[in-house]
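**Q** Residue numbers (the working numbering): 87 to 515. I'd like to ask some things about the structure below.
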Ligand SMILES: *Cc1c(COP(=O)(O)O)cnc(C)c1O
């Protein structure tokens with residue numbers, strides 16, 4: 087039941103940190119004082135590199151005014167494409183297949199509407215009931231705006247409320263399915279879906295498929311081109327450390343550069359003729375053609391710094407450390423906290439290839455335990471009904487911090503500390 091090779095004492099955690107090739111990256115980040123921050127799957131931390139790229143953008147606005155569009159060190163006019171090219175290296179795409187633009191939900195509207203071409207036979211969109219709700223809200227409105235009933239959005243169900251079975255999803259891909267849209271990693275359980283297999287199977291049935299990779303880009307390597315994924319979207323404020331509400335990304339397989347963007351706007355215009363201001367729209371034949379508005383320079387600037395750090399560390403090394411951190415966390419839960427009176431369970435797949443960057447720790451008192459952890463300076467979060475999500479982030483968390491959390495969880499149960507907290511939820515956790 088446990089993963090071999092880990093020991094339970096503090097010294098062992100310290101040894102893992104000493105041998106960690108990424109340990110030095112922690113010093114590039116601002117760690118909130120006195121806290122163990124394990125919430126990078128919700129909001130990644132600020133790095134010095136991001137701070138300086140934001141300050142630089144502010145300074146260029148201050149000193150250059152409108153000239154910043156072409157004269158900033160990284161001209162604002164090309165920033166979205168430049169950031170896209172950098173992020174493309176993290177997802178196995180060519181530089182012009184990725185662009186930094188908009189927000190995740192808006193990009194879902196933009197790309198799903200582009201790909202969703204229902205005809206009299208194929209009209210259904212296939213998604214799943216465990217994805218992040220905004221994806222469902224968007225898909226439902228897309229179906230409704232075409233004048234179709236909501237039952238044209240088909241949701242693959244989960245037997246146990248935590249996991250999805252790829253083969254059950256594939257069984258729902260039928261002759262009425264127009265499009266499939268799924269998450270890479272489930273935001274509660276942390277299950278990583280097999281995107282390569284799902285793509286293969288969708289294409290075999292003549293169905294196009296896109297993914298929301300908000301919970302995986304920056305911590306899991308992707309190979310969109312090789313897997314032949316049709317399109318993808320992801321946010322940049324989780325493992326990409328872009329800051330609250332930072333500009334999102336989209337990927338469009340080059341096969342579709344000639345498709346007409348569904349939601350058009352002037353920043354999608356052919357770049358070198360955009361300022362001709364012609365009334366006939368002609369989109370750039372690359373992912374940039376799917377931009378709508380002026381790029382949010384101040385919300386994109388942090389990404390210059392944060393992508394630099396991630397590329398420097400290397401996504402393969404990041405993934406290796408992530409898997410080791412989460413395996414270690416699960417080992418400690420199994421060996422220290424699984425029996426009575428602790429009774430913690432693991433709500434995340436055990437196999438390395440089936441989990442993303444966080445571990446869901448399940449306990450019937452999850453909400454109050456999560457509050458008690460916070461009172462002890464551990465920032466993790468809670469998702470109903472009973473998931474405590476703990477995300478040890480490779481670039482700024484240590485093995486010692488993982489070890490420490492286990493001791494704190496033990497104390498919380500030993501001393502019944504969670505009983506001091508109310509049973510009802512705060513609005514944001
Ligand atoms: C974080 C996340 C989002 C966020 O959407 P916004 O439009 O940026 O608010 C969307 N989908 C998934 C799956 C996410 O994990």
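In this text, a Cβ means the ideal position worked out from N, Cα and C, and glycines have one as well. Since the structure is predicted, the reported quantities are computational estimates derived from the model, not experimental observations.
Which residues count as close to ligand 1 when the rule is a CB under 7 angstroms from any of its heavy atoms, in chain order?
**A** This criterion selects 189, 190, 191, 192, 217, 218, 220, 221, 269, 273, 298, 300, 301, 321, 324, 334.
**Q** Skipping 5 residues on each side, what residues in its chain have a beta carbon closer than 7 angstroms to that of residue 200?
**A** Result list for residue 200: 345, 347, 348, in chain order.
**Q** Give the straight-line distance between the Cα atoms of residue 421 and residue 211, rounded to the nearest whole angstrom.
**A** Cα to Cα, the separation comes out at about 43 angstroms.
**Q** Can you give the Cα-Cα distance for residue 342 and residue 370, rounded to whole angstroms?
**A** In a straight line, the C-alpha of residue 342 is about 12 angstroms away from that of residue 370.
**Q** Would you kindly work out how many angstroms separate the C-alpha atoms of residue 269 and residue 221, rounded to a whole number?
**A** So the two alpha carbons sit approximately 9 angstroms from each other.
**Q** Take residue 360 and list the residues in its own chain whose beta-carbon comes closer than 8 angstroms to its own, dropping the five residues that flank it on each side.
**A** Counting only Cβ-Cβ distances below 8 angstroms, and skipping sequence neighbours, we find 352, 353.
**Q** Counting along the chain, where does the alpha helix (DSSP H) carrying residue 156 start and finish?
**A** Taken as a continuous stretch (DSSP letters only), the alpha helix (DSSP H) holding residue 156 covers 154-157.
**Q** Using the three-state DSSP reduction, which class does residue 123 fall into: helix, strand or coil?
**A** The answer is strand: DSSP assigns residue 123 an E or B state.
**Q** Apart from the five residues just before and just after residue 339, which ones in its own chain have a Cβ nearer than 6 angstroms to its Cβ?
**A** Cβ neighbours of residue 339 beyond the five flanking positions: 316.
**Q** Assuming contact is defined by CB atoms lying nearer than 8 angstroms, are residue 229 and residue 336 in contact in what I supplied?
**A** No, these two residues do not count as a Cβ contact at 8 angstroms.
**Q** So residue 334 packs on residue 140, CB below 8 angstroms; how close in whole Å?
**A** Contact doesn't hold; Cβ gap of about 17 angstroms is too wide.
**Q** Which partner residues does residue 297 have in the DSSP bridge list?
**A** Beta-bridge pairing links residue 297 to 268, 318.
**Q** Give the list of continuous alpha helix (DSSP H) stretches no shorter than 4 residues that lie fully inside the stretch 184-212.
**A** Segments of the alpha helix (DSSP H) lying fully in the stretch 184-212: 190-201.
**Q** Buried or exposed, going by whether 16 or more other CB atoms sit within 10 Å of the CB of residue 300?
**A** So residue 300 counts as buried.
**Q** Please say whether residue 287 and residue 249 have beta carbons closer to each other than 8 angstroms?
**A** Going by C-beta atoms, residue 249 is not nearer than 8 angstroms to residue 287.
**Q** Going by DSSP, what residue range makes up the beta strand (DSSP E) through residue 221?
**A** First-last for residue 221: 219-231, but that is the alpha helix (DSSP H), not the beta strand (DSSP E).
**Q** Please classify residue 493 as buried or exposed, where buried requires at least 16 neighbouring CB atoms within 10 angstroms.
**A** Under this definition residue 493 is an exposed residue.
**Q** Say whether the stretch 393-400 touches the stretch 163-183, bearing in mind that this needs 3 or more beta-carbon pairs closer than 8 angstroms, one atom from each stretch.
**A** Result yes; three or more Cβ-Cβ pairs closer than 8 angstroms.
**Q** Does at least one heavy atom of ligand 3 sit under 7 angstroms from the Cβ of residue 415?
**A** As far as ligands go, the structure on display features ligand 1 and does not contain ligand 3.
**Q** Classify residue 454: buried if its beta carbon has 16 or more other beta carbons within 10 angstroms, exposed otherwise.
**A** By the 10 Å Cβ count, residue 454 comes out buried.
**Q** What does the Cβ neighbour count give for residue 332, buried or exposed, with the cut at 16 atoms within 10 Å?
**A** Residue 332 should be labelled buried.
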